[in-house]
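Notes follow the structure.
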Amino acid sequence: MHELKEKITGVALAALLALTAPGMARAEGEIAGDFDYYVLAMSWSPTWCALEGDARRSPQCDAERDAGWILHGLWPQYEDGWPSYCRTPHAPPPRSMTAGMAEVMGTAGLAWHQWKKHGTCSGLSAASYYEAAESAFEAVVLPDIFTRLSAPVTLPATVVEEAFLKDNPGLEPDMLTITCRAGRIQEARLCLSRALEPVPCGRDVVRDCTLEDALLDPVR
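For reference, each letter of the sequence shown is one residue, going -27 to -1, 1 to 193 in mature numbering (1 follows the signal peptide of the UniProt record, and there is no 0).
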């Protein structure tokens, strides 16, 4: 037994720790409908465009789109971790359906990806999944103070959270988290029950951005 323990290298131990770390996705192909709650992810479009979208020449980033907060996705979540790419009896969405979601999700490509990775785990049909996602998104009052910016600003990420809480009195701080990426405000993520009612987030979701000088670009 002692010899066996000595054979465990640092690399193998690191891999084991990674596999048991909280907040990891579970194995792909899990059963649809087996989850605890949803995370409604709302992205600040100018951030995604600056970091990825412009290089891809995404139509989401065209100035005429006037995109601020967009629906990134509705993600089935466990209390610890999340399912992805689940086995589902439902047919994938036709192109006309994903194209119809581009108005709120930025592009048809994102709508398709969200179904494939997350929607398949909801237990819903594609049409019902998109309907639930859009309904949840439309129920949130998006702070318009950020859409009125005329120039980039730096601000504490907590200011963004406070704006959402102020405009949505039914929300508590532990139901919402603000994420950052590359020094920029990235997303607002709201935790919802399976009935799409706000609920406290699991420990792996509540990881608020702590930046005091996060960059927020204006809507184009």
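We put the beta carbon where it would ideally sit given N, CA and C, even for glycine.
Remember, predicted model here, so these are calculated numbers, not experimental data.
Own chain, CB closer than 6 Å to Leu163, minus 5 neighbours either side, in chain order:
Excluding sequence neighbours, Leu163 sits near Leu13, Leu149.
Rounded straight-line distance, which links the Cα of Pro66 to that of Arg29:
Their Cα atoms are separated by approximately 24 Å.
Within its chain, find whatever has a CB closer than 6 Å to the CB of Ser16; leave out the 5 residues flanking it on each side and keep chain order.
Excluding sequence neighbours, Ser16 sits near Ile43, His45, Glu160.
Provide the residue span of the beta strand (DSSP E) that contains Pro49, from first to last.
Taken as a continuous stretch (DSSP letters only), the beta strand (DSSP E) holding Pro49 covers 42 to 50.
The beta strand (DSSP E) with Trp17 in it runs from where to where?
Element bounds for Trp17: 10 to 17.
Below 8 Å on the Cβ atoms is my contact criterion, and I expect Phe8 with Pro49 to pass it. Report the Cβ-Cβ distance as a whole number of Å.
The beta carbons of Phe8 and Pro49 sit about 4 Å from each other, so the pair counts as a contact at 8 Å.
Who are the near neighbours of Pro(-6) in its chain, counting only those whose CB is closer than 8 Å to its CB and skipping five residues on each side?
Note that Pro(-6) scores a pLDDT of 40, beneath 50, so its modelled location is shaky and nothing firm can be said.
Please specify which runs of the alpha helix (DSSP H), each continuous and at least 4 residues long, are wholly inside the segment 105 to 190, giving them in chain order.
Fully enclosed alpha helix (DSSP H) runs of 4 or longer: 130 to 140.
Quick one, which of Ala105, His91, Ala64 has its alpha-carbon nearest Val77's?
Answer by Cα proximity: Ala105.
Spatial distance of Leu128 from Leu188 (CA atoms)
Inter-residue distance for Leu128 and Leu188 is about 7 Å (C-alpha atoms, whole angstroms).
Residue range of the alpha helix (DSSP H) that Glu25 falls in?
In the DSSP annotation of this structure, Glu25 is not part of any alpha helix (DSSP H), being labelled neither H nor E.
Contacting residues, own chain, Cβ-Cβ under 6 Å from Trp85 (five flanking each side not counted):
Thr71.
Range covered by the alpha helix (DSSP H) that runs through Ser69
Per DSSP, Ser69 belongs to the alpha helix (DSSP H) from 68 to 73.
Do you know whose CA, among Ser95, Val192, Arg60, lies nearest Tyr51's CA?
If we check each option's Cα against that of Tyr51, Ser95 comes out closest.
Could you tell me if Ile118 is buried or exposed, where buried requires 16 or more neighbouring beta carbons within 10 angstroms of its beta carbon?
Label assigned to Ile118: exposed.
Pull up the CB-CB distance for Ser57 and His91, whole angstroms please, since I reckon it's below 8 Å.
Contact between Ser57 and His91 holds, since their C-beta atoms are separated by about 7 Å, short of 8 Å.
According to DSSP, residues forming a beta bridge with residue 195:
Residue 195 lies beyond the range of the chain shown here (-27 to 193); nothing can be said about it.
From this set, Trp21, Gln87, Glu37, Val192, which residue's C-alpha is nearest Cys59's C-alpha?
Selected option, being the one with the closest Cα: Gln87.
For Ala100, which residues in the same chain have their Cβ closer than 8 Å to its Cβ, ignoring the five residues on either side in sequence?
Listed in chain order, the non-local C-beta contacts of Ala100 below 8 Å within the same chain comprise Pro66, Met70, local neighbours out to five positions each way being set aside.
Identify, in the order they occur along the chain, each residue of the same chain with its Cβ nearer than 8 Å to the Cβ of Gly41, setting aside the five sequence neighbours on each side.
For Gly41, where only same-chain residues beyond five positions count, the Cβ hits under 8 Å are Trp17, Ser18, Pro19, Leu115, Phe119, Thr120, Val192.
Anticipated Cβ contact below 8 Å, Ala23 with Asp190, distance rounded:
Yes, Ala23 and Asp190 are in contact; Cβ-Cβ is about 6 Å, under 8 Å.
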